[in-house]
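Protein chains in written order, with this note's numbering: chain A, 3 to 85; chain B, 3 to 85. Here is the structure we will look at.
Number of protein chains: 2
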Amino acid sequence: MSAYTVEIRVMPRASLLDPQGQAVQHALQALGFRDVASVRAGKHLVVEVDAPTRDEAAARARTMCDRLLANPVTEDYECIVSP
Amino acid sequence: MSAYTVEIRVMPRASLLDPQGQAVQHALQALGFRDVASVRAGKHLVVEVDAPTRDEAAARARTMCDRLLANPVTEDYECIVSP
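Right, here's the structure in full:
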C-alpha cells in the first residue's frame, strides 16, 4: 500500500445556474471589479488515500465522488492523482 | 481587452485545522473508506475577466483574492490564467 494524493475538483454543471458563483460575481462588481464577466464556484478537495496502485487510488476517489463528494445531478468532478 | 479565464484555488493554510475537511474525512470513513488518511477542503473558482494582458488578468485575480475571495489569515490561494 502506498500513499497517494488525489486532487478532486467538484464544479456545478455548465448547463445549470450557479447561485454561489453569481453572488461572488455581484460582490466583486460591487467592489469595483467591473471586468468580471462570470464566476463559477465549486469545491477543491485534497484527499490522501492509501491504495495498492495509482489506478486503484483514482478508482477509490471516483467512488467517493459518486457516493458523497459530488451531487450526480448537479455537479461534475475531476480527480487527479499524484505522485 | 481580451477575455481570460482564471482558475482560482483557495485552500486552508497547511498549518491550520480544517474542520470542513475533517468532517468530510469522518463521513468518508463512516461510508467504509477506511484508507483515507486526511482530507483538506477548499474552494475552486473559475473567473472570466476582461483585461488588456494576461499579466494584468492575473494581477486583477490576485487583488480579488486579497480583497474578497480568500481570508488572508487562514487561507492560501493560487491563480492560473488561461489561455
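In this text, a Cβ means the ideal position worked out from N, Cα and C, and glycines have one as well. No experiment lies behind these values; they were computed from the predicted model shown.
Buried or exposed for residue i, please, with buried defined as at least 16 other CB atoms from any protein chain shown within 10 angstroms of its CB.
| i | result |
| --- | --- |
| Ile10 (chain A) | buried |
| His46 (chain B) | buried |
| Met13 (chain A) | buried |
| Arg36 (chain B) | exposed |
| Asp20 (chain A) | buried |
| Met66 (chain B) | buried |
Counting only Cβ pairs nearer than 9 angstroms, list the residues of chain A close to residue i.
| i | result |
| --- | --- |
| Ser40 (chain B) | Val48, Val49, Glu50 |
| Ala53 (chain B) | Asp37 |
Along chain B, in chain order, which residues have C-beta atoms closer than 7 angstroms to that of residue i?
| i | result |
| --- | --- |
| Leu33 (chain A) | Arg69, Leu70 |
| Asp78 (chain A) | Here the premise fails: no neighbours, minimum Cβ distance about 12 angstroms. |
| Arg11 (chain A) | His46 |
Please list the terminal residues of the continuous alpha helix (DSSP H) segment that includes residue i.
| i | result |
| --- | --- |
| Arg11 (chain B) | Unbroken run through Arg11 (chain B) is the beta strand (DSSP E), 4–14; no alpha helix (DSSP H). |
| Arg62 (chain A) | 56–66 |
| Gly44 (chain A) | Not the alpha helix (DSSP H): Gly44 (chain A) falls in the beta strand (DSSP E), residues 38–53. |
| Val26 (chain A) | 21–32 |
What distance in whole Å lies between the Cβ atoms of residue j and residue i, which are believed to be in contact at a cut-off of 8 angstroms?
| i | j | result |
| --- | --- | --- |
| Val8 (chain A) | Val83 (chain A) | 5 angstroms |
| Val38 (chain A) | Val49 (chain B) | 6 angstroms |
| Tyr6 (chain B) | Ala59 (chain B) | 4 angstroms |
| Val41 (chain B) | Gly23 (chain B) | 4 angstroms |
| Cys81 (chain B) | Arg69 (chain B) | With 8 angstroms as the limit, Cys81 (chain B) and Arg69 (chain B) do not qualify as a contact, their Cβ atoms being about 13 angstroms apart. |
Interface residues of chain A around residue i at Cβ under 7 angstroms?
| i | result |
| --- | --- |
| Leu30 (chain B) | Met66, Leu70 |
| Ala25 (chain B) | Those do not exist, as Ala25 (chain B) stays about 11 angstroms from chain A at its closest Cβ, beyond 7 angstroms. |
Who are the neighbours of residue i on chain B, taking C-beta pairs under 8 angstroms?
| i | result |
| --- | --- |
| Val83 (chain A) | The contacting residues do not exist; Val83 (chain A) stays about 14 angstroms from chain B at best. |
| Arg62 (chain A) | Phe35, Asp37 |
For a contact defined as C-beta to C-beta under 9 angstroms, what are the partners of residue i on chain B?
| i | result |
| --- | --- |
| Ala43 (chain A) | Lys45, His46, Leu47, Val48 |
| Ala5 (chain A) | Ala39 |
Following the continuous beta strand (DSSP E) through residue i, name the residue where it begins and the one where it ends.
| i | result |
| --- | --- |
| Ser84 (chain B) | 77–84 |
Would you check if there are 3 or more beta carbon pairs closer than 8 angstroms linking the stretch 24–34 of chain A to the stretch 48–56 of chain A? Counting Cβ pairs under 8 angstroms, fewer than three are found: no touch.
State whether the stretch 14–21 of chain A contacts the stretch 73–83 of chain A, with contact taken as three or more CB pairs (one from each stretch) at a distance under 8 angstroms. The stretch 14–21 of chain A is in contact with the stretch 73–83 of chain A.
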